[in-house]
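Engineer: Just so we're aligned: 1809 in my numbering is position 343 of the sequence shown, and the numbers increase by one with no gaps anywhere.
Think of the CB as a built atom: it goes at the ideal place given N, C-alpha and C, for glycine as much as any other residue.
Dropping a structure here in structure tokens format, bear with me for questions.
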Amino acid sequence: MSDKKIVDKQYQIEDTEHSRQILEKAMEVAMKEIPKGHVATYIPELGKVDPNQLGVCFYPLKGDKICIGDYDVRFTMQSVSKVIMLIVALEICGLDNVFRKVGAEPSGEAFDSLVELDKNDAKPYNPLINSGALAVSSLLLPEVSFQDMLRYTRRVCSDPEIDLNRTVYDSEMATCSRNRSISYLLESKGIIATDVEDNLKLYTKMCSMNVTADSLANLANKLANDGVSTVDGKRYMSSITARIVKTLLLTCGMYDGSGTFAIKVGIPTKSGVGGGLLAVSDKRAGIGVFSPALDAQGNSIAGCKLLREIANKLCLNLFYDPEWDKKIEEETVITNLREHSVM
Ligand code: GLU
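Given below as structure tokens:
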């Protein structure tokens, strides 16, 4: 493929009609994955959600926003809120204070795991798993109220309608024994130094904010543009914060599926058990997806498929190589990885 052709392909996302066609096709392909997944049931209210929903919002830095399917359906942010807590903690507590409490390494374990935490010097692997986010929220607790966090979330997601879903919040608070266990363990190690129950409430309220795929695309768009809105030109976080967040999304955003997702899709992404995906194609586009049926790792099964499709077709993979257009080559690579138990 000539250099000119590569450049053309990379800028095709500004062609709204072309992107829309690719998104519509990707929706069709992704829809077929839904029956293979299950909605989360460990938070009883989430078990009542209709699994057959799929929506996407694609918001390029240049060009028009494209929204398809259930893009305006409200769902709870769940773990995607860990991104917002991390942004605010980096901004107001500073990088050193945050990374004194949590690491910046992938965990390779389930999102709510306690397994490694009891080791002597262990701190949570990263801010995007439950233990890490509980540590981050305990840093925030003396500094901000939930109302402050809600206000910032509405601004950074450009969505004044975001609110607390009280039903989901109550449902999770009544069943959060694992997060409570993690919290008391972290308190015993001096990582949580604030009131454990108040901290659990803040963390769980953040998880229970009602967003849409559209609001996630707005946040992702700002992250892709290094923290600055493409609409009003205002800065919503420092560029170093945006950079740290994007790096952690790539390495840790999809729990113990992060490595495989990075190979298959190559777009820094954060998932939540409510079915949301916040995907940041750096300098190019923000993407929000909603589809509540989850895979074994707790990531939206159709959402991941949709991102994989558009990563390939719109050349959004961070490590995009035009040669990968040869489908046969991709299939060979995937087969090899499967044989070596990588996927
Ligand atoms: N509120 C959920 C929990 O703490 C969030 C988990 C997730 O979205 O992965 O278990």
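1) Please state whether DSSP places R1620 in a helix, a strand or coil.
2) For L1682 and N1645, I'd like the C-alpha separation in whole angstroms.
3) Does N1631 come out as helix, strand or coil in the three-state DSSP assignment?
4) In its own chain, which residues sit with a C-beta less than 6 Å from the C-beta of G1574, not counting the 5 before and 5 after it?
5) Taking only heavy atoms of the ligand GLU into account, decide whether any of them is closer than 7 Å to the Cβ of E1494.
6) Using DSSP bridges, identify the partner residues of L1714.
7) Can you say whether T1542 is buried or exposed, counting buried as having 16 or more other CB atoms within 10 angstroms of its CB?
8) Is G1574 near the ligand GLU, with its Cβ less than 7 Å from a heavy atom?
9) Do S1724 and I1572 come within 8 Å of each other at the CB atom, strictly closer than that value?
10) If S1485 sits next to I1532, beta carbons under 8 Å apart, how far is it from one beta carbon to the other, in whole angstroms?
11) For L1652, report the span of its alpha helix (DSSP H) as first-last.
12) Would you check if there are 3 or more beta carbon pairs closer than 8 Å linking the region 1601 to 1615 to the region 1651 to 1666?
13) When you get a sec, list the residues whose CB is within less than 6 Å of any heavy atom of the ligand GLU, chain order please.
14) May I ask you to report which of helix, strand or coil DSSP gives G1521?
15) Comparing alpha-carbon positions, which option in G1699, T1660, V1568 and S1603 lies nearest T1670?
16) Please report the straight-line C-alpha distance between G1444 and A1768, rounded to a whole angstrom.
17) For V1546, does the three-state DSSP call read helix, strand or coil?
18) In three-state DSSP terms, what is I1534?
19) Kindly identify the DSSP beta-bridge partner or partners of N1676.
20) May I have a chain-ordered list of the beta strand (DSSP E) segments no shorter than 3 residues that lie completely inside the region 1712 to 1751?
21) In chain order, what residues of the same chain have a beta carbon less than 7 Å from the beta carbon of S1649, not counting five sequence neighbours either side?
22) Can you name the start and end residues of the alpha helix (DSSP H) that L1607 belongs to?
23) For T1482, report the span of its alpha helix (DSSP H) as first-last.
24) Identify the continuous alpha helix (DSSP H) that holds N1592 and give its terminal residues.
25) Could you tell me which residues DSSP pairs with R1701 in its beta bridges?
26) Using a 10 Å radius around the Cβ and a threshold of 16 neighbouring Cβ atoms, would you call N1563 buried or exposed?
27) Kindly indicate which residue of C1673, N1684 and E1582 has the alpha-carbon position closest to the one of L1651.
28) Closer than 8 Å by C-beta to S1647: which residues in its own chain qualify, once you throw out the five before and the five after it? Chain order, please.
29) What first and last residue would you give for the alpha helix (DSSP H) that runs through D1562?
30) Do you know offhand how far Q1763's Cα is from N1691's?
31) Using the C-alpha atoms, what's the distance from L1689 back to L1715?
32) When the Cα atoms are used, what is the spatial distance from D1481 to D1516?
33) DSSP puts L1760 in a beta bridge; with which residues?
Structural biologist: In brief:
1) In the sequence shown, counting from the first residue as 1, residue 1620 sits at position 154. Looking at R1620 - three-state DSSP - the assignment turns out to be helix.
2) For this step, residue 1682 is matched to residue 216 along the sequence shown. For this step, residue 1645 is matched to residue 179 along the sequence shown. So the alpha carbons of these two residues sit roughly 25 Å apart.
3) Position 165 of the sequence shown holds residue 1631. In the three-state reduction of the DSSP assignment, N1631 falls in the coil class.
4) As a first step, residue 1574 must be located in the sequence shown, where it is residue number 108. Closer than 6 Å at Cβ, skipping near neighbours: D1722.
5) Your numbering for residue 1494 matches position 28 in the sequence shown. No, since every heavy atom of the ligand GLU falls outside the 7 Å radius drawn around the Cβ of E1494.
6) For the purposes of this step, residue 1714 is taken as the residue at position 248 of the sequence shown. Paired residue(s): none; L1714 is not in a bridge.
7) Taking the first residue of the sequence shown as position 1, residue 1542 is located at position 76. That one is buried.
8) Along the sequence shown, one-based indexing puts residue 1574 at 108. Using a cutoff of 7 Å, the CB of G1574 does not count as near the ligand GLU, since none of the ligand's heavy atoms is closer than that.
9) The sequence position of residue 1572 within the sequence shown is 106, counting from 1. The sequence position of residue 1724 within the sequence shown is 258, counting from 1. The residue you asked about is not Ile; residue 1572 is Pro in the sequence shown. In this structure, S1724 lies closer than 8 Å to P1572 by Cβ.
10) Here residue 1485 corresponds to residue number 19 of the sequence shown, with the count starting at 1. Here residue 1532 corresponds to residue number 66 of the sequence shown, with the count starting at 1. With 8 Å as the limit, S1485 and I1532 qualify as a contact, their Cβ atoms being about 6 Å apart.
11) Numbered from 1 along the sequence shown, position 186 holds the residue referred to as residue 1652. S1643 to S1654 is the span of the alpha helix (DSSP H), which, as asked, contains L1652.
12) yes
13) Q1544, S1545, F1577, D1578, N1596, E1638, N1645, C1673, G1738, V1739 and G1764
14) Within the sequence shown, the letter at position 55 stands for residue 1521. Residue state, collapsed to three classes: strand.
15) Within the sequence shown, the letter at position 204 stands for residue 1670. If we check each option's Cα against that of T1670, S1603 comes out closest.
16) Outside the shown range of the chain (1467 to 1809) lies residue 1444, about which nothing can therefore be said.
17) What you label residue 1546 is simply residue 80 of the sequence shown in a count that begins at 1. In this structure, V1546 counts as helix in the three-state DSSP scheme.
18) The sequence position of residue 1534 within the sequence shown is 68, counting from 1. The answer is strand: DSSP assigns I1534 an E or B state.
19) For the purposes of this step, residue 1676 is identified with residue 210 of the sequence shown, where counting begins at 1. In the DSSP output, where bridge partners are listed per residue, N1676 has T1542 and D1629.
20) 1735 to 1737 and 1742 to 1747
21) Here residue 1649 refers to the residue found at position 183 of the sequence shown. Answer for S1649: L1600, I1658, V1662, N1665 and L1666, listed in chain order.
22) By one-based count along the sequence shown, residue 1607 stands at place 141. Segment: none, L1607 is in no alpha helix (DSSP H) and carries neither H nor E.
23) Taking the sequence shown and counting its residues from 1, the one referred to as residue 1482 is at position 16. Looking at the DSSP string, the run of the alpha helix (DSSP H) that includes T1482 is T1482 to M1497.
24) In the sequence shown, residue 1592 corresponds to position 126, counting from 1. Where N1592 is concerned, there is no enclosing alpha helix (DSSP H), given that its DSSP letter is neither H nor E.
25) Position 235 of the sequence shown holds residue 1701. Paired residues: V1694.
26) Residue mapping note: residue 1563 aligns to position 97 of the sequence shown, counting from 1. Result: exposed.
27) Numbered from its first residue, the sequence shown carries residue 1651 at position 185. Ranking the options by Cα distance to L1651, first place goes to E1582.
28) Here residue 1647 corresponds to residue number 181 of the sequence shown, with the count starting at 1. Result list for S1647: L1580, in chain order.
29) Taking the sequence shown and counting its residues from 1, one reaches residue 1562 at position 96. Per DSSP, the unbroken alpha helix (DSSP H) holding D1562 starts and ends at L1561 to K1567.
30) Here residue 1763 refers to the residue found at position 297 when the sequence shown is read from its first residue. Here residue 1691 refers to the residue found at position 225 when the sequence shown is read from its first residue. Their backbone Cα atoms lie some 29 Å apart in a straight line.
31) As a position in the sequence shown, residue 1715 is number 249, starting the count at 1. As a position in the sequence shown, residue 1689 is number 223, starting the count at 1. So the alpha carbons of these two residues sit roughly 11 Å apart.
32) Within the sequence shown, residue 1481 is the residue found at index 15, counting from 1. Within the sequence shown, residue 1516 is the residue found at index 50, counting from 1. Taking the straight line joining both Cα atoms gives about 33 Å.
33) What you label residue 1760 is simply residue 294 of the sequence shown in a count that begins at 1. Beta-bridge pairing links L1760 to H1504 and S1766.
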